[in-house]
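**Student:**
Protein chains in written order, with this note's numbering: chain A, 5 to 238; chain B, 2 to 303.
#1: Using 7 Å as the limit for Cβ to Cβ distance, is residue 222(B) near chain A?
#2: Go ahead and pull the three-state DSSP assignment for residue 197(A).
#3: Let me see if you follow: with CB-CB separation under 7 Å, is residue 19(B) close to chain A or not?
#4: So, is the C-beta of residue 103(A) closer than 7 Å to a C-beta in chain B?
#5: From the DSSP output, in three-state form, read off residue 227(A) for me.
#6: What is the C-beta distance between residue 178(A) and residue 190(A), in whole angstroms, given that I count them as a contact (C-beta under 8 Å)?
#7: So, is the C-beta of residue 119(A) closer than 7 Å to a C-beta in chain B?
#8: Mind listing, in chain order, the continuous beta strand (DSSP E) runs of no fewer than 3 residues lying wholly within the stretch 43–105 of chain A?
#9: Residues in the stretch 32–56 of chain B with C-beta within 7 Å of chain A's C-beta atoms, listed in sequence order?
#10: Could you have a look at residue 30(A) and say whether DSSP puts it in helix, strand or coil?
#11: Can a CB atom of chain B be found closer than 7 Å to the CB of residue 220(A)?
#12: Near residue 117(A), which residues of its chain fall below 7 Å by C-beta distance, leaving aside the five closest residues on each side in sequence?
#13: When you compare each of 83(B), 31(B), 114(B) and 186(B) to residue 150(B) by their alpha carbons, which one comes out closest?
#14: Could you give the DSSP three-state label for residue 159(B): helix, strand or coil?
#15: Determine whether the beta carbon atoms of residue 155(B) and residue 100(B) lie at a separation below 7 Å.
#16: So, are the CB atoms of residue 59(A) and residue 146(A) less than 7 Å apart?
#17: Taking the C-alpha atoms as reference points, what is the distance between residue 270(B) and residue 288(B)?
#18: Can you confirm whether the stretch 220–230 of chain A touches the stretch 33–40 of chain A when touching is taken to mean that 3 or more C-beta pairs between the two stretches lie within less than 8 Å?
#19: Just curious, the beta strand (DSSP E) that residue 144(B) is in, first and last residue?
#20: Which residues in chain A have a C-beta closer than 7 Å to the C-beta of residue 11(B)? List them in chain order.
#21: When the cut-off is 7 Å and only beta carbons count, does residue 16(A) lie next to chain B?
#22: Around the C-beta of residue 45(B), are 16 or more other C-beta atoms found within 10 angstroms, so that it is buried, or is it exposed?
#23: Residue 228(B) CB to nearest chain A CB: under 7 Å?
#24: Are the stretch 90–98 of chain A and the stretch 61–74 of chain A in contact at 8 Å, needing three or more beta carbon pairs?
#25: Does residue 174(B) get closer than 7 Å to chain A when you measure Cβ to Cβ?
#26: According to DSSP, is residue 16(B) part of a helix, a strand, or is it coil?
#27: State the start and end residues of the unbroken alpha helix (DSSP H) segment that holds residue 179(A).
#28: From this set, 172(A), 71(A) and 162(A), which residue's C-alpha is nearest residue 19(A)'s C-alpha?
#29: Within 8 Å, do at least three Cβ pairs link the stretch 99–115 of chain A to the stretch 239–246 of chain B?
#30: Write down the C-beta distance between residue 239(A) and residue 96(A) rounded to the nearest angstrom, noting that I regard them as a contact closer than 8 Å.
#31: Could you tell me whether the Cβ atoms of residue 217(B) and residue 293(B) are closer together than 7 Å?
#32: Taking buried to mean at least 16 other C-beta atoms within 10 Å of its own C-beta, is residue 18(B) buried or exposed?
#33: For the alpha helix (DSSP H) that contains residue 207(B), what are its first and last residues?
#34: Quick one: which residues of the stretch 136–155 of chain A get their C-beta closer than 8 Å to a C-beta of chain B? List them in chain order.
#35: Measuring CA to CA, which of 119(A), 75(A), 56(A) and 23(A) is closest to residue 209(B)?
#36: Give a yes or no on whether 7 Å exceeds the smallest Cβ distance from residue 4(B) to chain A.
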């Protein structure tokens, strides 16, 4: 939960960020924006435009080729390799492929981030159950992810991302391959977390879905970044 | 501190789960390492059993200084006094064996009795029998003293009884070096086996490692289960190796006992002391953890 005074706090700030792989062309060119605490932002654009790369850079999973990125008050290029995992705990990441572990139950998938922080087992179990309840999977905690539907798997990935109570949540195409009703259910889960102050960025190419939610939107087209709200970094 | 302990407990549980999830593979690895470890262990048993016997044999080395046949009566006493005076700190006893006493002693031996009867006189010289103080450099010391005494006037011959001691010491040195080389080879086998086991585990846990990093796991958190895997595998293998060596010593000692009896001796091979075994186990566990650390560092760069 964030207070009214926190809402002006910068959670994510990109300053003239470029990203290219090898000597190839820039996937992202000169991107500058600022996201404050508690904002809900869509990252729109066609497939291959660089939406996933942008989210990965926020999660510290990809370094920029040029420019500076600040997340949760920390400049990523100044962050040591030892400090990077601690930043990741503050950023809940849901990738396009859910990366669920199929050798364990749903609750054990959600328990992994808590094991990483070394939380006491009874507290961890209680918190994992609460996370599953929030995404509507409390009756499926002992099921293997493979037994869950696509939407349920996506919700399980969300539960795993939010169980450590991150201040930022980023999701890459969380509604891809889901039917409209399930997609809206997933979006409402994100909305609920955003309402309690979690800064949320969702990448999607589903224009129709995004139109149903009035939100700040970043549009990424090949080689071009536009903040549709008209707000800049300055 | 509590957090760290919980993370260690988690790593330990993960390790045991992984070991039990592939029982045949885990057992095969354990046996390979255990059999490799049992070889230097048997070698060490041989060495620690033989060493005290060798030491016991070499604590009473004697040098016999024979005087010339024409040496005047009383020169043996003078020589004994000189040895006590100049090399007293290196000798534990010096006694004179006159030619008459030597002949008398020889006559008590029935094998020599007839031969001595046909001789016109006493063919034996006066002699001084010197017992050296024990020590690690005994063979070298005996050699040096023999050279010094041989240069003294009136001395005909210094019989050095330490040649066999030197041979035995050389043999033990050879065995020690051999055992060291064997231990190094086995350490390499252990290193390679653990490295490969951890590599296979790391590859099969690729997805879990990736997710753990995604949710904020430190590299220590990722590595910890593999370090436990290496050290637990090696510790268990060391325990099995001790059991194997103990079992192998039973038939070996049976065979050795009958050989020793024929020499009217009592000798048996025994494992090194419990403290040495515990120390060796710790060293093997550390080696396993080290190898696992190396392997996980190389094989989890994804």
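C-beta atoms are modelled at their ideal positions from N, C-alpha and C, and glycine is treated no differently.
**Tutor:** According to the structure data:
#1: Chain A, which has a Cβ nearer than 7 Å to the Cβ of residue 222(B), makes this yes.
#2: The answer is helix: DSSP assigns residue 197(A) an H, G or I state.
#3: So no, residue 19(B) is outside the interface.
#4: Among the CB atoms of chain B, one or more fall inside 7 Å of the CB of residue 103(A).
#5: Per DSSP, reduced to three states, the secondary structure at residue 227(A) is coil, with no helix or strand assignment.
#6: About 6 Å separates the Cβ atoms of residue 178(A) and residue 190(A), confirming a contact at the 8 Å cut-off.
#7: It does: the Cβ of residue 119(A) has a partner Cβ on chain B nearer than 7 Å.
#8: The stretch 43–105 of chain A contains these whole beta strand (DSSP E) runs: 44–48, 70–75 and 95–98.
#9: Flagged: no residues at all.
#10: Shown here, residue 30(A) sits in a strand according to DSSP, grouped into three states.
#11: No, because no Cβ of chain B sits closer than 7 Å to the Cβ of residue 220(A).
#12: Correct list, in chain order: 164, 167 and 168.
#13: Ranking 83(B), 31(B), 114(B) and 186(B) by Cα distance to residue 150(B) puts 83(B) first.
#14: Strand, per DSSP.
#15: In this structure, residue 155(B) sits away from residue 100(B), with a CB-CB distance that is not shorter than 7 Å.
#16: Judged by their CB atoms, residue 59(A) and residue 146(A) are not nearer to each other than the 7 Å cut-off.
#17: Residue 270(B) and residue 288(B) have their C-alpha atoms some 27 Å from each other.
#18: Counting Cβ pairs under 8 Å, three or more are found: they touch.
#19: Unbroken run through residue 144(B) is the alpha helix (DSSP H), 139–151; no beta strand (DSSP E).
#20: In chain order: 119.
#21: Among the residues facing chain B, residue 16(A) is not included, as its CB has no counterpart in that chain under 7 Å away.
#22: Buried: at least 16 other Cβ atoms inside 10 Å.
#23: It does not: the Cβ of residue 228(B) has no partner Cβ on chain A nearer than 7 Å.
#24: Yes, they touch.
#25: So no, residue 174(B) is outside the interface.
#26: Residue 16(B): helix per DSSP, three-state reduction.
#27: No alpha helix (DSSP H) holds residue 179(A); DSSP gives it neither H nor E.
#28: Nearest C-alpha to residue 19(A): 71(A).
#29: Contact between the stretch 239–246 of chain B and the stretch 99–115 of chain A is absent, because fewer than three Cβ pairs lie under 8 Å.
#30: The structure shown does not extend to residue 239(A), since chain A spans only 5 to 238, so no value can be given for it.
#31: Their beta carbons are not under 7 Å apart, which means residue 217(B) does not touch residue 293(B) by this criterion.
#32: Counting other Cβ atoms within 10 Å of its Cβ, residue 18(B) stays below 16 and is therefore classed as exposed.
#33: Counting along the chain, the alpha helix (DSSP H) containing residue 207(B) begins and ends at 207–215.
#34: Contact annotation: in the stretch 136–155 of chain A, no residue has its CB less than 8 Å from a CB in chain B.
#35: That would be 119(A), whose Cα lies nearest to the Cα of residue 209(B).
#36: Yes - at least one Cβ of chain A is within 7 Å of the one on residue 4(B).
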